[in-house]
DNA sequence: CGGGTCGTTGACACATTTCAAGTTTAGTGG
DNA sequence: CCACTAAACTTGAAATGTGTCAACGACCCG
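Residue numbers (the working numbering), protein chains in the order written: chain H, 121 to 379; chain F, 121 to 379.
Here it is in structure tokens:
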């Protein structure tokens, strides 16, 4: 059972203190061989710990490294001129914070930790050099970018066309699926977000998120205790959200393409 | 002056009838050498014409080719369970319709033409093979994907946090910039979208788009005649939208990284 | 114990949607 | 070239989802 492992938000109880990409999104790529992964790990800088609520990267910053979230949660966000925040990506353990840094000179978003995290740094130039030698690494990087693309497209649909209720349901379904809970029926996981942060993901107000959460609770669709969410009726919630996990799972289906 | 050239929505008055990537987003990549581009053109299938309003690709389809829009406009869109449409990307002359097909097995969106178009097909396997040999091509593909991510992230901010008025202003600013009108002051270009399609981009109702367009017209910020938009006061419009073209221009700034 | 963050609640304002006509424009065939 | 039709645009009135403002309570941590 991976339950405790997962709900702790941790992916890196590695045997050694050495940085490892095992269990990251990188390792989930169907294109990354073990050899590729080890090559990447060899250029990784030592992991460092970052407290919750810190800006890992700031908007418009020049970033020369890729930060990989080994442990803990973070988010990418953007600010509007009049001071509103929109979270454009939730980063769960194992995800890269700023893939763009590989080919872009400046970031177009900020990255902030949501919990205490462990972060591993991959120097841009070393990764680019590896990508030229190992096509599996190049493909993996492209695959990661396209995955983010798929999630962003889905969120455009949600933000543009779904009601508050549907958006919240969708977020819960998505996070449950991304955290590995693919089984139907029930699901329980840690969602280390305040209602205000959820509002910044959903493009809503924290007040309205609160009311919507209560509504779902009243219908016995979900339960919450602290930062733990339990989805009591996954089918019903997916129905409300119009959630189809297909957009999250590609690549796994095409694993036969791996070298 | 490129004015007529641009406003015709055409990028492919090529000398020969041979397919060409000159003038496409591919060619805009700071990583693509002339040799790389010619290699890609060699594997391209003959361009074909597609009428307006046709579904080039359907959601969940297995796509083995990348379709590049040589001429005309198209969009990527997704449908909600209850029948609402969200356009998640506007594809202008020179853009790739379904980059995802490179590494994914299934599409997560549909692609529909908005005007009569010319489409060029790049076979997936040929492109992948080229990407392994030419690092410039691999980088270009990644660069294209990251560019789409930047635009999608910006749209998440717009859809989540901007008012109808701001969103419309933002769309007009973005399209003006993407079509190459970087000069300040005025801008005139073709926007071949009905107000209903604009609504599907902005996550609004066509009725409300209409009212918002009229508002901008009444303030003398824009003028429209047919499908031609004229931005009369770019600075004011950018101010309203909080528009900063930075997210569109990366790569050009890093052109020194090209081989 | 105290102060701050987070969650909760109520009353009200307002942006946007919905519904249901019109009117204009563009395209098509006679 | 005109007549006809469908699509696109426009308008108004009413409904509604979500935001705003302001207060209070619960909880946690130092």
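For each residue, glycine too, the CB sits at the ideal point set by N, CA and C. No experiment lies behind these values; they were computed from the predicted model shown.
My guess is that residue i and residue j are in contact by the Cβ rule of under 8 Å, so how many angstroms apart are they, rounded?
i	j	result
residue 218 of chain H	residue 186 of chain H	6 Å
residue 188 of chain F	residue 237 of chain F	Residue 188 of chain F to residue 237 of chain F, Cβ: 10 Å. No contact.
residue 148 of chain F	residue 234 of chain F	21 Å between Cβ atoms; not a contact.
residue 321 of chain H	residue 291 of chain H	6 Å
residue 264 of chain F	residue 336 of chain F	About 32 Å separates the two Cβ atoms, so there is no contact after all.
residue 365 of chain H	residue 297 of chain H	5 Å
residue 358 of chain H	residue 293 of chain H	5 Å
residue 252 of chain F	residue 255 of chain H	4 Å
residue 224 of chain H	residue 266 of chain F	6 Å
residue 160 of chain H	residue 250 of chain H	6 Å
residue 382 of chain H	residue 214 of chain H	Absent from the structure is residue 382 of chain H, since the part of chain H shown begins at 121 and ends at 379.
residue 83 of chain H	residue 195 of chain H	Since the first residue of chain H shown is 121 and the last is 379, residue 83 of chain H is not available in this structure.
residue 351 of chain F	residue 286 of chain F	Not quite, the Cβ-Cβ distance comes to about 15 Å (not below 8 Å), so this is no contact.
residue 344 of chain H	residue 310 of chain H	Between residue 310 of chain H and residue 344 of chain H the Cβ distance is about 11 Å, and since that is not below 8 Å, they are no contact.
For the beta strand (DSSP E) that contains residue i, what are its first and last residues?
i	result
residue 326 of chain H	That residue, residue 326 of chain H, is in no beta strand (DSSP E); its alpha helix (DSSP H) goes 326-338.
residue 232 of chain H	230-233
Is residue i helix, strand or coil by DSSP?
i	result
residue 352 of chain H	coil
residue 260 of chain F	helix
residue 240 of chain H	strand
residue 121 of chain F	Since pLDDT at residue 121 of chain F reaches only 38, below the 50 mark, its modelled position is unreliable, and no value is offered.
residue 281 of chain F	helix
residue 226 of chain H	strand
residue 131 of chain H	With a pLDDT of only 41 at residue 131 of chain H, under the threshold of 50, the placement of this residue in the model should not be trusted; the figure read from the coordinates follows. Of the three classes helix, strand and coil, the one that applies to residue 131 of chain H here is coil, per DSSP.
For a test of your reading of the model: does the CB of residue i fall under 7 Å from any non-hydrogen atom of the ligand HEM? Yes or no.
i	result
residue 286 of chain H	With respect to small molecules bound, the structure shown includes none, and the ligand HEM cannot be examined in it.
Tell me where the alpha helix (DSSP H) around residue i begins and ends.
i	result
residue 287 of chain F	284-298
residue 306 of chain F	Unbroken run through residue 306 of chain F: none, as it is neither H nor E.
residue 320 of chain H	315-322
residue 368 of chain F	366-369
Quick one: which unbroken alpha helix (DSSP H) runs of 4-plus residues sit fully inside the stretch 139-223 of chain H? Chain order, please. If we require 4 residues or more, the alpha helix (DSSP H) runs fully inside the stretch 139-223 of chain H come out as 145-148, 154-163.
So, does the stretch 257-266 of chain F touch the stretch 321-337 of chain F, judging by three or more C-beta pairs under 8 Å? No, the stretch 257-266 of chain F is not in contact with the stretch 321-337 of chain F.
Can you confirm whether the stretch 264-271 of chain H touches the stretch 158-167 of chain H when touching is taken to mean that 3 or more C-beta pairs between the two stretches lie within less than 8 Å? With a cut-off of 8 Å, the stretch 264-271 of chain H and the stretch 158-167 of chain H do not count as touching, because too few Cβ pairs lie within range.
Using 8 Å as the threshold, is the stretch 227-239 of chain F in touch with the stretch 225-236 of chain H, meaning 3 or more CB pairs across them? No, the stretch 227-239 of chain F does not touch the stretch 225-236 of chain H.
Stretch-stretch touch, CB-based, cutoff 8 Å, three pairs: the stretch 193-208 of chain H with the stretch 279-288 of chain F: Of all C-beta pairs linking the stretch 193-208 of chain H to the stretch 279-288 of chain F, three or more are shorter than 8 Å, placing the two stretches in contact.
Between the stretch 296-313 of chain F and the stretch 239-248 of chain H, can you find at least three pairs of beta-carbon atoms closer than 8 Å? Contact between the stretch 239-248 of chain H and the stretch 296-313 of chain F is not established, with fewer than three Cβ pairs separated by less than 8 Å.
Can we say the stretch 177-186 of chain F touches the stretch 205-221 of chain F, given the rule of at least three CB pairs closer than 8 Å? The count of Cβ pairs closer than 8 Å, one atom from the stretch 177-186 of chain F and one from the stretch 205-221 of chain F, reaches three, so the stretches are in contact.
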